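Trainee:
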Amino acid sequence: MERIPESEAIAEPVDARRFSEVMGSNRFRQADYRRLAHRAVGLTTPPKGKVLDIGTGPGFVAIEVAKLLKGTGSQVVGMDLSQAILALAAENATKAGLNGTLSWREGDAKAMPFKDGEFDLIVSNDSLHHWDDPLPVFDEIARVLKDGGRCIIHDSKRLQHWWPWLFVKMISLTIPRDFRVHWWNSIKSSYTADELQAILERSRLTGWRIEEDFMDLMVVREA
Ligand SMILES: C[S@@+](CC[C@H](N)C(=O)[O-])C[C@H]1O[C@@H](n2cnc3c(N)ncnc32)[C@H](O)[C@@H]1O
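Per the working numbering: the sequence shown = residues 238 to 460.
#1: Hey, quick one: how far does the beta strand (DSSP E) through Arg387 stretch, first residue to last?
#2: CB Leu325 to CB Ser257, shorter than 8 Å?
#3: Where Gly294 and Gly261 are concerned, what is the direct C-alpha to C-alpha distance, given to the nearest angstrom?
#4: Looking at the structure shown, is Met452 part of a helix, part of a strand, or coil, going by DSSP?
#5: Starting from the C-beta of Lys383, find all residues in its chain whose C-beta is less than 6 Å away, skip the five residues before and the five after it, and write them out in chain order.
#6: Between the Cα of Gly296 and those of Lys332, Gly315, Pro284, Lys287, spot the shortest distance and give me the residue it belongs to.
#7: Residues bridged to Lys287 by DSSP?
#8: On the three-pair Cβ rule with 8 Å, is the region 321-335 touching the region 296-313?
#9: Taking DSSP as the reference, what is the three-state secondary structure of Leu280?
#10: Taking 8 Å as the threshold (C-beta atoms), are Ser409 and Arg417 in contact?
#11: Taking a contact to mean a Cβ-Cβ separation below 8 Å, would you say Ala430 touches Leu454 in this structure?
#12: Who pairs with Ser361 in a beta bridge, going by DSSP?
#13: Is the beta carbon of Leu289 less than 8 Å from the beta carbon of Val381?
#14: I need the boundaries of the beta strand (DSSP E) containing Leu410, first residue and last residue.
#15: In the structure shown, what three-state DSSP assignment does Phe351 receive?
#16: Rounded C-beta distance between Glu245 and Asp369? I'm assuming under 8 Å.
#17: Would you check whether ligand 1 has a heavy atom nearer than 7 Å to the C-beta of Met452?
#18: Have a look at Trp402 and Gly310 and give me their C-alpha separation to the nearest angstrom.
#19: Going by the C-beta, is Gly261 closer than 7 Å to any heavy atom of ligand 1?
#20: Mind checking whether the beta-carbon of Trp400 lies closer than 7 Å to any heavy atom of ligand 1?
The following block contains the structure:
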């Protein structure tokens with residue numbers, strides 16, 4: 238199946254709010270956010286320093302990372318193309334009592350508004366499939382990561398067979414009807430592991446590996 242791209246940003250305030258409400262009230266998604274935050278923070282021992290969440294959306298992963306790093310003097314920055322969704326990230330952080338540790342920055346992952354080597358850890362969840370051209374994003378990740386910095390980029394993968402689609406359609410029954418098509422379109426716009434590998438091989442990022450499971454992909458750089 239060919240990739241069918243989605244629009245980059247969740248720019249409309251009404252779409253941003255709906256996304257935040259649906260993801261914020263889905264306990265399976267919240268568990269996924271927590272799991273990714275634990276995995277990301279576990280990559281740096283001791284956990285400390287400055288963390289970037291690319292395509293942070295309503296900020297749920299950044300918030301989970303900030304909870305884990307509270308009291309360590311670390312800073313977590315959530316960056317997104319969409320000002321509308323960053324406003325909701327700030328609301329969600331306030332509700333979680335975490336605004337001090339977190340900050341929000343409007344910016345494009347293809348040309349990030351950060352200095353070279355600014356971050357110890359970079360995390361990203363479900364944003365990669367929105368990037369029409371991931372190559373400059375991986376180059377930017379290589380630039381803004383410190384020497385020896387870690388990163389973990391998680392996303393869905395494009396499903397190539399009918400049988401995982403059967404599974405997707407079944408799970409779809411547990412999410413609101415208006416969100417089902419949105420999810421299917423995300424899968425259709427995702428990259429395959431082979432496509433991702435070809436892009437990473439041309440990028441400036443080093444030390445990466447791809448972890449693949451039934452429905453997901455992760456780019457992990459541990460050192
Ligand atoms: C499906 S949402 C995922 C949000 C959040 N990470 C989560 O897991 O709930 C994808 C987000 O990536 C953002 N995004 C897409 N392309 C981007 C880019 N080039 N730079 C920064 N953010 C981007 C979108 O605006 C959107 O908020």
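Even for Gly, the Cβ is constructed at its ideal location relative to N, Cα and C. These numbers were taken from a predicted model, which means no experiment stands behind them.
Mentor: Result, derived from the coordinates:
#1: Residues 382-393.
#2: In this structure, the beta-carbon distance from Leu325 to Ser257 falls below 8 Å.
#3: Cα-Cα distance, rounded: 11 Å.
#4: The DSSP-derived three-state label of Met452 is coil.
#5: Within the same chain, Gly354, Asp357 come within 6 Å of Lys383 by CB-CB distance, once the 5 residues on both sides are set aside.
#6: Residue Gly315 is the option with its Cα nearest to Gly296.
#7: Answer is Gln312, bridged to Lys287.
#8: With the cut-off at 8 Å, the region 321-335 and the region 296-313 touch.
#9: Looking at Leu280 - three-state DSSP - the assignment turns out to be coil, as it is neither helix nor strand.
#10: Contact annotation: Arg417 and Ser409 have beta-carbon atoms nearer than 8 Å.
#11: Yes, the Cβ-Cβ distance between Ala430 and Leu454 is below 8 Å.
#12: Per DSSP, the beta-bridge partners of Ser361 are Ile291, Ile390.
#13: In contact: Leu289 and Val381 (Cβ atoms closer than 8 Å).
#14: It is not in any beta strand (DSSP E) - Leu410 carries neither H nor E in the DSSP assignment.
#15: Judged by DSSP in its simplified three-state form, Phe351 adopts coil rather than helix or strand.
#16: Rounded, the Cβ-Cβ distance is 7 Å, consistent with contact.
#17: It does not: the Cβ of Met452 is nowhere closer than 7 Å to a heavy atom of ligand 1.
#18: Taking the straight line from one Cα to the other gives about 44 Å.
#19: The answer is no for Gly261.
#20: For Trp400, the Cβ stays outside the 7 Å cut-off from all heavy atoms of ligand 1.
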